[in-house]
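Below: one structure, written as structure tokens.
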Amino acid sequence: MAKGMKAVIVGSGSAVPDPDRGNPSQAVVIDDEILLFDCGERTTINLIKSGINPNDVGHLFLTHLHWDHMAEFGYLVMSTWNCGRRQTLQVYGPDGTEAMVANSIYGTHKADFDFVRGYIRRLPSHITNKPSNDPNVKALDIEVGFELETDTFKVTAGEVVHHQCVGMPSVAYRVESEYGVVAISGDTSPCQGMIDLAKGADVLIHDTAFLDEIIEERQMWSHSGPSGAARVAKEAGVKKLVLTHLGPYTSHPKAIEMGEMYYGPARGPEIWDEIVAKAEAVYDGPVVLAHDALVIDV
2 MAKGMKAVIV GSGSAVPDPD RGNPSQAVVI DDEILLFDCG ERTTINLIKS GINPNDVGHL
62 FLTHLHWDHM AEFGYLVMST WNCGRRQTLQ VYGPDGTEAM VANSIYGTHK ADFDFVRGYI
122 RRLPSHITNK PSNDPNVKAL DIEVGFELET DTFKVTAGEV VHHQCVGMPS VAYRVESEYG
182 VVAISGDTSP CQGMIDLAKG ADVLIHDTAF LDEIIEERQM WSHSGPSGAA RVAKEAGVKK
242 LVLTHLGPYT SHPKAIEMGE MYYGPARGPE IWDEIVAKAE AVYDGPVVLA HDALVIDV
């Protein structure tokens with residue numbers, strides 16, 4: 002990618018398996034630095050579709066540990082290790098992240114870990130471009146208020162309202178560089194913490210998991226609809242709103258059937274225009290409907 006700062010929608014879908022959309026994942030690219038936020042199903046292949054080599058991801062920030070936000074972590078680690086990744090993958094996320102990383106590599110993928118280790122040992126000595134001796138992954142549990150600052154970027158973890166009341170710690174992230182600011186909500190209902198974190202951002206990537214009427218009918222307190230996401234964008238004064246974490250409203254019939262208890266029956270393609278219109282009725286800046294491998298200039 003060219004120099005500058007870009008926001009990439011790696012996966013734009015929901016927790017329901019959807020042939021049209023991968024699970025939630027975003028990347029922020031600052032010159033040659035690649036920051037990945039969440040790692041749902043299809044992350045690795047969608048990074049490639051976005052023009053990003055997964056081997057080049059140096060930092061992974063998890064908003065929370067629900068399966069749709071970390072389902073592909075093990076595959077990302079094992080596939081990049083096997084394909085010669087050299088740099089350390091530093092993983093940050095709420096309480097439980099360190100345990101998840103250790104359990105994935107040395108538990109779920111122990112057979113793969115042992116295989117790659119054995120494979121490396123048996124490679125002829127003249128082969129120099131072989132994988133490193135270990136997967137080079139480090140993890141750190143973080144809390145709201147965490148900051149990571151380098152010469153290139155600053156990442157801040159902010160407060161959101163998701164499923165903390167049932168034991169799921171969650172955070173959102175703000176990424177700042179000399180080029181601009183990107184805010185990423187993860188999963189949240191509209192809240193002051195997200196407004197504060199997104200203040201003045203060039204791009205806000207916000208959870209729009211359900212239609213407004215579903216939010217109201219189910220009295221949901223853990224996700225946003227298009228109007229709620231737009232309200233955050235308006236009050237934060239952001240320059241562009243990107244709606245993501247979208248349901249399988251027009252997807253394969255079996256995906257719609259599987260998610261019907263959350264999203265209702267199949268809908269026509271006009272639903273996407275309706276979602277954008279709901280947001281535009283509240284927020285007067287540009288509204289972008291996310292899709293997988295969407296690249297946005299900051």
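The sequence shown begins at 2 in the working numbering and counts up by one. Just so it is clear, CB atoms sit at the ideal spot from N, CA and C, and this is done for glycine as well.
Contacting residues, own chain, Cβ-Cβ under 8 Å from S228 (five flanking each side not counted): D213, K279, A280, A282 and V283
Distance between I106 and Y76 (C-alpha atoms, nearest Å): 10 Å
Cβ-based neighbour list, I89, same chain, cut-off 8 Å, excluding 5 preceding and 5 following: It is Thr, not Ile, that sits at residue 89 in the sequence shown. G59, N137, V138 and K139.
From V1 to H70, what distance separates their C-alpha atoms? In the structure as shown, the chain begins at 2 and stops at 299. Residue 1 is therefore absent and cannot be evaluated.
Closest by C-alpha distance to K241, when choosing among I216, D298, Y263 and A103: D298
What distance in whole Å lies between the Cβ atoms of S15 and L247, which are believed to be in contact at a cut-off of 8 Å? 7 Å
Indicate the three-state DSSP secondary structure (helix, strand or coil) for I128 in the structure shown. coil
Relative to the C-alpha of F62, which residue among I185, G5 and D135 is closest? I185
I need the straight-line Cα distance from P125 to D115, nearest angstrom please. 18 Å
Residue span of the alpha helix (DSSP H) that contains F154, given as start and end: First-last for F154: undefined, no H or E at that position.
Inter-residue spacing [alpha-carbon to alpha-carbon] between D135 and H207: 36 Å
Please give the ranges of any alpha helix (DSSP H) in the segment 134 to 207, keeping only runs that are unbroken, at least 4 residues long and fully inside the region. 193 to 199
I need the DSSP call for S80, collapsed to helix, strand or coil. helix
Can you give the beta carbon distance from G12 to D293, rounded, assuming they're within the 8 Å contact cut? Yes, they are in contact, since the Cβ atoms of G12 and D293 sit about 6 Å apart, within 8 Å.
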